[in-house]
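Under this note's numbering, the first residue of the sequence shown carries the number 231, and numbering increases by one thereafter.
Just so it is clear, CB atoms sit at the ideal spot from N, CA and C, and this is done for glycine as well.
Only a predicted model underlies this, so the values are computations on that prediction, with no experimental measurement involved.
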Amino acid sequence: MKKKPNLLLFSLFWSLVLALGMTLIGFLHQAPVDLRDIEAGGVAWLRVVYLFLGWFGFSMIVMLIGSLLYVGGTWWRSRGRR
231 MKKKPNLLLF SLFWSLVLAL GMTLIGFLHQ APVDLRDIEA GGVAWLRVVY LFLGWFGFSM
291 IVMLIGSLLY VGGTWWRSRG RR
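In structure tokens form, the structure reads like this:
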């Protein structure tokens, strides 16, 4: 018996990876997102958290839509074989 992939965990994992990567890109000096706190001379962690959560939410929605398309396509193809 073939084990079906857990699409929710798959989506969660790749959403975390994408959100982390996009947040790290925000630290590049050419990036338009300002994550540095000029007054304190450090990193504005609240902005970093908001940026990460925004990217995570966006990528999770995209991954879930892709998962639904995969499940729907699989269901549609299997329905035609009966």
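- Counting C-beta pairs closer than 8 Å gives three or more between the stretch 281 to 296 and the stretch 233 to 248, which meets the contact rule.
- Put simply, the backbone Cα of residue 308 is about 47 Å away from that of residue 276.
- In the three-state reduction of the DSSP assignment, residue 272 falls in the strand class, which pools E and B.
- Note that the stretch 270 to 284 does not touch the stretch 294 to 304; fewer than 3 beta-carbon pairs, one per stretch, sit closer than 8 Å.
- By the criterion of a C-beta distance shorter than 6 Å, residue 237 is surrounded in its chain by 297, once the five residues flanking it on both sides are discounted.
- Close CB contacts of residue 244 within its chain, under the 8 Å cut and outside five residues either way in sequence, are with 289, 293 (chain order).
- Residue pairing by DSSP puts residue 267 in a beta bridge opposite 272.
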